[in-house]
Amino acid sequence: MSDFGRMLRQWRDRVVPGDVGLPQGAHRRATGLRREELARLAGISVDYLTRLEQGRASSPSTQVVEALARALRLSSTERERLFLGAGMPAPGPGIVPTHVAPSVQRLLDRLANTPVAVYDAAWNLIQANAPYDALMGDTSQLRGNDRNAVWRNLVGSGSRARQSAQEHDDQVARLVADLRLTAARYPNDRPLRALVAELREASAAFDELWAGALDAAAEQSRHKIIDHPLVGAIELDCDILAVAGDDLRVMVYTAEPGSEGADKLELAVVLGAQAVS
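When we follow the working numbering, the leftmost residue of the sequence shown carries the number 1, and every step to the right adds one.
1) Going by C-alpha to C-alpha distance, which of Gln171, Leu271, Pro17 and Glu201 sits closest to Trp123?
2) For Asp138, report the span of its alpha helix (DSSP H) as first-last.
3) Based on the DSSP output, what are the partners of Val252 in its beta bridges?
4) Which residues share a DSSP beta bridge with His99?
5) Among all the DSSP beta bridges, which residues are the ones paired with Gln127?
6) Output yes or no for whether 8 Å exceeds the beta carbon distance between Leu154 and Leu142.
7) Just verifying my parser: in three-state terms, what is the DSSP assignment at Gly232?
8) How far does the alpha helix (DSSP H) with Gln63 in it extend, from its first residue to its last?
9) Under the rule that 16 or more other beta-carbon atoms within 10 Å means buried, what is Asp227, buried or exposed?
10) Does the Cβ-Cβ distance between Leu8 and Leu84 come in under 8 Å?
11) With the cut-off set at 8 Å, would you say Tyr198 and Asn145 are in Cβ contact?
Take a look at the structure:
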């Protein structure tokens with residue numbers, strides 16, 4: 001077993017299932033997380049995780065190591081050790097951070113029944129909880145650039161949020177303005193530079209906004225209508241909370257208690273849970 005595999009096994013054994021939103025169960029043989037549970041939380045296959053732990057797979061990508069660090073609730077120091085065990089330094093200055101600190105993860109855990117998604121500063125989706133997937137669609141199916149909100153809104157599959165043409169243009173302008181600020185803060189991030197180049201090639205609208213001199217005003221809260229395929233139109237409030245120290249964006253959907261939107265949201269979450277059970 002490699003040092004990387006040994007660290008994975010040791011840290012997997014110490015994670016309490018209930019702390020990551022999994023049932024504790026009365027007859028668990030594993031003291032911590034099962035392999036299949038960690039694999040699901042990190043978004044990788046059980047077979048690949050097994051090979052990593054046993055040292056039969058080497059050179060995991062930065063994205064895989066980061067996903068494992070998040071799933072294992074590692075501290076910043078432990079995360080650095082995991083990257084070094086994988087044979088690479090942890091992403092440093094000039095690189096868009098994707099680490100979700102344990103303190104932020106605890107906050108997200110408190111919102112386990114509320115649709116929540118976490119994006120990095122380049123608007124790449126880092127994680128989404130089950131209620132968010134039930135409301136907006138299964139985010140585990142998103143691959144490559146489709147995990148980026150700017151790409152999805154300009155080139156890709158879009159979202160279930162209902163928008164007029166003007167609302168869509170305003171949202172895109174805000175996203176591009178924010179992405180431009182992010183690119184200035186993280187000049188050494190090669191994936192970000194590649195994303196911008198691909199967006200400029202694929203979308204004339206993006207290219208025009210990127211080259212423009214004006215930035216759109218930021219918007220932190222907005223009323224939205226989500227067109228759910230089973231429940232119909234759901235009126236919700238969408239708030240984007242900034243985690244300043246980690247440069248993350250936390251997107252939260254809520255409804256006024258007792259409202260029709262609250263009832264429909266609850267139904268959508270129940271239907272989503274049934275679909276994966």
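Built from N, CA and C at the ideal position, the CB exists for glycine as well.
Based on what the coordinates show:
1) Just measuring C-alpha positions, the residue of Gln171, Leu271, Pro17 and Glu201 sitting nearest Trp123 is Gln171.
2) It is not in any alpha helix (DSSP H) - Asp138 carries neither H nor E in the DSSP assignment.
3) Val116 and Asp239
4) DSSP lists no partner for His99.
5) The partner list for Gln127 (beta bridge, DSSP) reads Val118.
6) no
7) strand
8) Thr62 to Ala71
9) exposed
10) no
11) Note on identity: in this sequence residue 198 is Glu, with Tyr being the wrong assignment. The answer is yes: Cβ separation under 8 Å.
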